[in-house]
Amino acid sequence: MTKEIIQVQLAWFFESEYNESFEKISFKLKEKIGNSEQTQYIPVPNGAPSELPRLFLKYKDFNLTFSKTRADIYILKNHKEISTIENIRKITELIIDDLHIKVVRIGYVKSFFVEETLEYVKKMFKEEKIAGLDIKEIGFNLNVPKEIAGMKCNNIENLAMGNATKNGEVKNGLIINRDVNNIIGEKSDFDKTDKVITAIIAFDTEADNFLV
Numbered sequence: 020m021t022k023e024i025i026q027v028q029l030a031w032f033f034e035s036e037y038n039e040s041f042e043k044i045s046f047k048l049k050e051k052i053g054n055s056e057q058t059q060y061i062p063v064p065n066g067a068p069s070e071l072p073r074l075f076l077k078y079k080d081f082n083l084t085f086s087k088t089r090a091d092i093y094i095l096k097n098h099k100e101i102s103t104i105e106n107i108r109k110i111t112e113l114i115i116d117d118l119h120i121k122v123v124r125i126g127y128v129k130s131f132f133v134e135e136t137l138e139y140v141k142k143m144f145k146e147e148k149i150a151g152l153d154i155k156e157i158g159f160n161l162n163v164p165k166e167i168a169g170m171k172c173n174n175i176e177n178l179a180m181g182n183a184t185k186n187g188e189v190k191n192g193l194i195i196n197r198d199v200n201n202i203i204g205e206k207s208d209f210d211k212t213d214k215v216i217t218a219i220i221a222f223d224t225e226a227d228n229f230l231v
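Residue numbers (this note's numbering): 20 to 231.
So this is what it looks like as structure tokens:
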């Protein structure tokens, strides 16, 4: 099975709401990783949900959003390039050391495109259960919790039919999202940048392994 990475998303979840200036985040971030191609302060009405992004920054190889309760990076190219890893470290340092925000959860979502057919997915089901059905599409979601990097984690796989464009050609296949995140309320320790990076590396390795 040939799999192609579509996108990697990494989220830092905060213990409590960030209620200071988002201009402060933007300024400190640009000091650490350089100027963005685009910076947008997103206006939200009073009483809007805390998880709605208030700050958006576009860089060459990734986008960043910050809300009151979390920060997210969406990596558009090779997530294992040295420059990308270093930027993730600097963003983590910004959150923990500069902004003094306590991180309680790390979420890591890795999205793949797999060039397979509906018939491939049908083989995962008992033949007698689907015989005679005019199936056009199959999708499912699995969670097989396990201990990763010393933490109890959700270990999720979502599969759906989809397509991707490569070299101008649209190909049909499967979209598989691997979502690994530590379970809130269970033991976790993200008080240092190195501990966060260790968890991220472990989550990335786990995300490469499909459940089905």
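For glycine and all other residues, C-beta sits at the position ideal for the given N, C-alpha and C.
Starting from the C-beta of residue i, find all residues in its chain whose C-beta is less than 8 Å away, skip the five residues before and the five after it, and write them out in chain order.
i    : result
K4   : The requested residue 4 is not part of the displayed model; the chain covers only 20 to 231.
E135 : M20, G192 and L193
F159 : N177 and L178
V123 : F32, F33, E34, I203, S207 and F209
I61  : L71, P72, R73, L74 and F75
T103 : D80, F81, I94, K96 and N97
Where does residue i land, buried or exposed, given buried means 16+ other C-beta within 10 angstroms?
i    : result
G192 : buried
T224 : exposed
L161 : exposed
T184 : exposed
K129 : buried
W201 : In the sequence under discussion, the amino acid at residue 201 is Asn, which differs from the Trp named in the question. The residue in question, N201, is buried, as its Cβ has 16 or more Cβ neighbours within 10 Å.
D80  : exposed
D116 : exposed
V199 : buried
A90  : buried
L230 : exposed
S45  : buried
V27  : buried
I120 : buried
S40  : exposed
Look up residue i in the DSSP assignment and give the residues it is bridged to.
i    : result
S130 : Q26 and N196
V122 : F33
L83  : L76 and I92
G181 : G192
E176 : L161 and R197
E166 : K171
What did DSSP end up calling residue i once you bin it into helix, strand or coil?
i    : result
N201 : strand
I61  : coil
D208 : coil
E188 : strand
E70  : coil
I101 : helix
E112 : helix
D227 : coil
I154 : coil
F222 : helix
N54  : coil
N106 : helix
S40  : coil
F144 : coil
T21  : coil
E138 : helix
Give me, in chain order, the residues of the same chain whose beta-carbon lies closer than 7 Å to that of residue i; leave out the 5 immediate sequence neighbours on both sides.
i    : result
L113 : K47, L48 and K51
Y127 : L29, V199, N200, I219, F222, D223 and A226
Going by beta carbon distance, what residues of the same chain come within less than 6 Å of residue i, once the five residues before and after it are set aside?
i    : result
K171 : I202 and E205
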